[in-house]
Amino acid sequence: MSATETRVEPPQTAAFTVTLDDEPGALARLVSLISARGLNIKSLCVAIDDTTDHCGRLTVVLDKLDIAPDLITAQFGRLVPVREARVIDHGIPHVARELALAHLAGGKAALDRLKDQLEARGGRLLITTSSGVVCEHRGSAEEIDRWLNGLKPLGLLRFERTGEIALATESVEAAP
Amino acid sequence: MTFQTLSPSITSSAIAPEKPGAELLLDALEEQGVESIFGYPGGAVLPIYDALHARTTLRHVMVRHEQGATHAAEGYARASGKVGVVLATSGPGATNTVTGLADALLDSIPLVCITGQVPRHLIGTDAFQECDTVGITRSCTKHNYLVDKAENLPCIIHEAFHLARSGRPGPVLVDIPKDVQLESARYTSKHSAPLRRSSPPKPTEKTTLERVIALMRRAKRPILYTGGGIINSGPAASEALRALAQETGFPVTSTLMGLGAFPASHPQWLGMLGMHGSLEANLAMHDCDLMIAIGARFDDRVTGRVDGFSPHSTKVQIDIDPSSINKTIRVDEKLLGDAGEILRDLLACWRASETCAASKRERMNAWWDKIADWRAKNSYQYQRSGDAIEPQLAIERLHALTREREVYVTTEVGQHQMWAAQWFGFEHPNRWMTSGGLGTMGYGLPAALGVQLAHPQALVVDIAGDASVQMTMQEMSTAVQYGLPIKIMILNNAYLGMVRQWQELIHEGRYSQCYSDSLPDFVKLAEAYGGSGLQVSDPSKLDDAIRTMVGTPGPFILDCVVTQHANVYPMIPSGAAHNEILLADPEPTLEPQS
Ligand SMILES: Cc1ncc(C[n+]2csc(CCOP(=O)(O)OP(=O)(O)O)c2C)c(N)n1
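Those sequence lines, one after another, are chains G and D.
Per my numbering, the first sequence runs over residues 13 to 188.
Per my numbering, the second sequence runs over residues 27 to 620.
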């Protein structure tokens, strides 16, 4: 094998799912490990889950990644609060979803027109406000990109997006 | 967030009386088998020092700078195989430990560092001597904690010791707010404390072992590339390595950190590898067909340019740390676990595997002939002038005159460190303490204190440079106070010698800021601290001077004035491949071998 395989060319994007102990500084540890290696976080989505064994679950997406992703999971595995870390990249069967919320401007008159346009674009109307409507959309990060771009000419006031969460649909070798 | 994961599983503590956090801390240290602490007091740890005052079971060594405490604890840990313990106050006390923590992280030295913190209600208010200790030390520790309440303190201490010594060892820091040190709670013993990372690694699969043995049986040009992981695994791992080498007849090289695991006097020993390693070790690494890395992590000072690193070999890596595998060099077979255990497994498997014709030792004859040719170049050689002390000569003589004794060597960082690694032949593990990963000038003197505390009867020598030794020189005062008779042999070239060497070889002789125009009188300095010293510059007086140093009770500085412009050879310039090695002779750079 050649030595260069620890690097990937061209740089790619990979998602990692990590479960970690719920303790102070756990997330900071993970984030500082990523930044200390000069890697770029594209998105980070995290929640504490109390339904099973009380831990933090997160998906972090790294882009411009020029290091083999399995080396990153091994690095995550060094962190004491990390219970499990796995890479989810193109080779692994998975589902990935992101949620976006958008506030669109428009008076009562424009509303019906907007509704139609929204539905055509796959969004869902949530509430009507004094200045317009709030709608949501779920999809892959690329779909959210397209949806938001499509909303711009319709009077997009403000939006927020969660970043992707990913779920492997086949069991894979996990670290540590 | 809470310390959910750390609350005690069994309430065996129900009968234990309540005690202040400071007492709980000391109880936990005692239960962990701690005998010595290296520390320095201050406002935020006064309750701990108050509790220490009454304990005769714990020996506290008051250093002169907290960096000294961390290196002393490292020396103690490496020489004794126990966890080194540091105690420092908040703010500047904590920040002064950072260098030592980073050093211990890179060299996998088990430390537990206890720091004081401002009381909980003042955290985050820019209080006096407040700093974000857990934030600052997050990336230079294996793990760290800010203790939220006294009740959790014993469990945290037990887990800290467990983490420091298990897996790939390293430093763990516990930051304790002053009011937590005063708050009362019940003790939790180590048997009741829940520990993370306590499941033992899976034993290596038999089929993997058999595949590796098959490679070993077939290899015509094998090499064992050993590292500090063998030392960390304990003396039994060195025993297993010796047995495996003996039975396979494979040549052995080692990193700077692994010296002593395999005896330097053994005919299969090739010497250290890497930037200043021997010609035979580096060329054998380059040309081998089978490389077995054992507790060694393919550091850049070892691999040089990665795409030129050992291009034709099958690589097997044995390591306890999954993140060290494939990190810079992809390997073909990995064996995850303790180096000693895996070496014993391999040995058993080797013995059980039947010997076929291909496995006869003769298959390696050509390889050993090649190694003999490289060895004949005598790559560590240097010119002896007879009228000045060459630095290599000083170490050769130190080794020759102390080899009958139980001797421990620490070093600072620079040329003297490399010459010590080249010329002081180590026969046993745990006798060599050096800052390999971080390369910390100022490591050796305080590390020697820790080694001496662990081995009061042994001879402990810090082989030092005139510049490095001044970084932590004040610990001479500690040596005198605690009667630790360390010997400091300064190879005094008046230069930041390693910097001068790079400036000569890589920056066309522009000697920018590498000369010490005014050095202290080291002999007077030793005397000022209450020790003694001697200066020597005449090679004919060198042996007597070394004998005087070794024979004088108490801390001693031998100021050994050496030739000023010697370079360390061989040298693989950083970023070059192993076969682009520079030798001392004006010999041309070697052509690629294969
Ligand atoms: C704390 C620290 N600062 C700077 C360096 C960079 N450095 C490496 S070797 C060296 C010179 C060491 O000089 P000396 O201790 O006299 O040893 P010599 O090389 O002359 O044997 C320097 C400055 C270092 N390793 N550590």
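Every residue, glycine too, gets a C-beta built ideally from N, C-alpha and C.
Using a threshold of 6 Å, is the CB atom of residue i nearer than that to any non-hydrogen atom of ligand 1?
i	result
D:Ser708	Not covered by the structure: residue 708 of chain D. The range shown for chain D is 27 to 620.
D:Leu531	no
D:Glu438	yes
D:Gly535	no
D:Gln478	no
D:Met524	yes
D:Asp129	no
D:His442	yes
D:Gly94	no
D:Gly465	yes
D:Asn519	yes
D:Asp492	yes
Is residue i close to chain D? Criterion is C-beta to C-beta, closer than 7 Å.
i	result
G:Thr29	no
G:Ala48	yes
G:Ser142	no
G:Ser55	no
G:Thr25	no
G:Thr181	no
G:Thr16	For G:Thr16, the predicted structure reports a pLDDT of 43, less than 50, and the residue's modelled location is therefore unreliable. A value from the coordinates is still provided. Closer than 7 Å: yes.
Measure from the C-beta of residue i to each C-beta in chain G and report whether the shortest distance is under 7 Å.
i	result
D:Gly165	The residue you asked about is not Gly; residue 165 of chain D is Ser in the sequence shown. Yes - at least one Cβ of chain G is within 7 Å of the one on D:Ser165.
D:Ser339	no
D:Arg222	yes
Quick one: is residue i near chain C, going by C-beta distance under 7 Å?
i	result
G:Ala114	This model lacks chain C altogether; the protein chains it does include are G and D.
(request) May I have a chain-ordered list of the alpha helix (DSSP H) segments no shorter than 4 residues that lie completely inside the region 270 to 348 of chain D? (result) 305 to 313, 326 to 329
(message) Please list, in chain order, the residues of the region 81 to 105 of chain G that have any C-beta partner in chain D closer than 7 Å.
(response) Leu83, Ala86, Gln87, Gly89, Arg90, Val92
(message) Tell me which residues of the region 230 to 254 of chain D have at least one Cβ-Cβ distance to chain G shorter than 7 Å, keeping chain order.
(response) none
(request) Identify each residue in the region 150 to 175 of chain G for which the Cβ-Cβ distance to at least one residue of chain D is less than 7 Å, and report them in chain order. (result) none
(request) Would you list, in chain order, the members of the region 149 to 176 of chain D that have their beta-carbon closer than 9 Å to a beta-carbon of chain G? (result) Val160, Gly161, Arg164, Ser165, Lys168, His169, Asn170, Tyr171, Leu172, Asp174
(message) Under 7 Å, CB to CB, which of the residues in the region 59 to 81 of chain G have a partner in chain D?
(response) His66
(message) Against chain G, which members of the region 347 to 368 of chain D pass a CB distance test of less than 9 Å?
(response) Asp347, Pro348, Ser349, Ser350, Ile351, Asn352, Lys353, Thr354, Ile355, Arg356, Val357, Asp358
(request) Please list the segments of the alpha helix (DSSP H) lying wholly inside the region 391 to 443 of chain D, counting only runs of 4 or more residues, in order along the chain. (result) 391 to 402, 417 to 428
(request) Entirely within the region 109 to 144 of chain D and at least 3 residues each: give me those beta strand (DSSP E) ranges in chain order. (result) 110 to 114, 137 to 143
(message) List, from N- to C-terminal side, the beta strand (DSSP E) runs of 3 residues or more that fit wholly inside the region 19 to 85 of chain G.
(response) 19 to 33, 52 to 61, 67 to 79
(request) Give the residues from the region 185 to 216 of chain D that approach chain G closer than 7 Å (Cβ to any Cβ), ordered along the chain. (result) Leu189
(request) Output, in sequence order along the chain, the residues in the region 32 to 44 of chain G whose CB is closer than 8 Å to any CB in chain D. (result) Asp33, Asp34, Glu35, Pro36, Gly37, Ala38, Ala40, Arg41, Ser44
(request) Let me know the alpha helix (DSSP H) ranges lying completely inside the region 37 to 114 of chain D, each 4 residues or longer, listed in chain order. (result) 47 to 57, 72 to 79, 92 to 106
(request) Kindly provide the ranges of any beta strand (DSSP E) runs that are 3 or more residues long and lie completely inside the region 116 to 185 of chain G, ordered along the chain. (result) 136 to 140, 144 to 151, 168 to 173, 177 to 180
(message) Could you tell me which whole alpha helix (DSSP H) segments of length 4 or greater appear in the region 505 to 568 of chain D?
(response) 523 to 531, 548 to 555
(request) Please list the segments of the alpha helix (DSSP H) lying wholly inside the region 444 to 483 of chain D, counting only runs of 4 or more residues, in order along the chain. (result) 470 to 480
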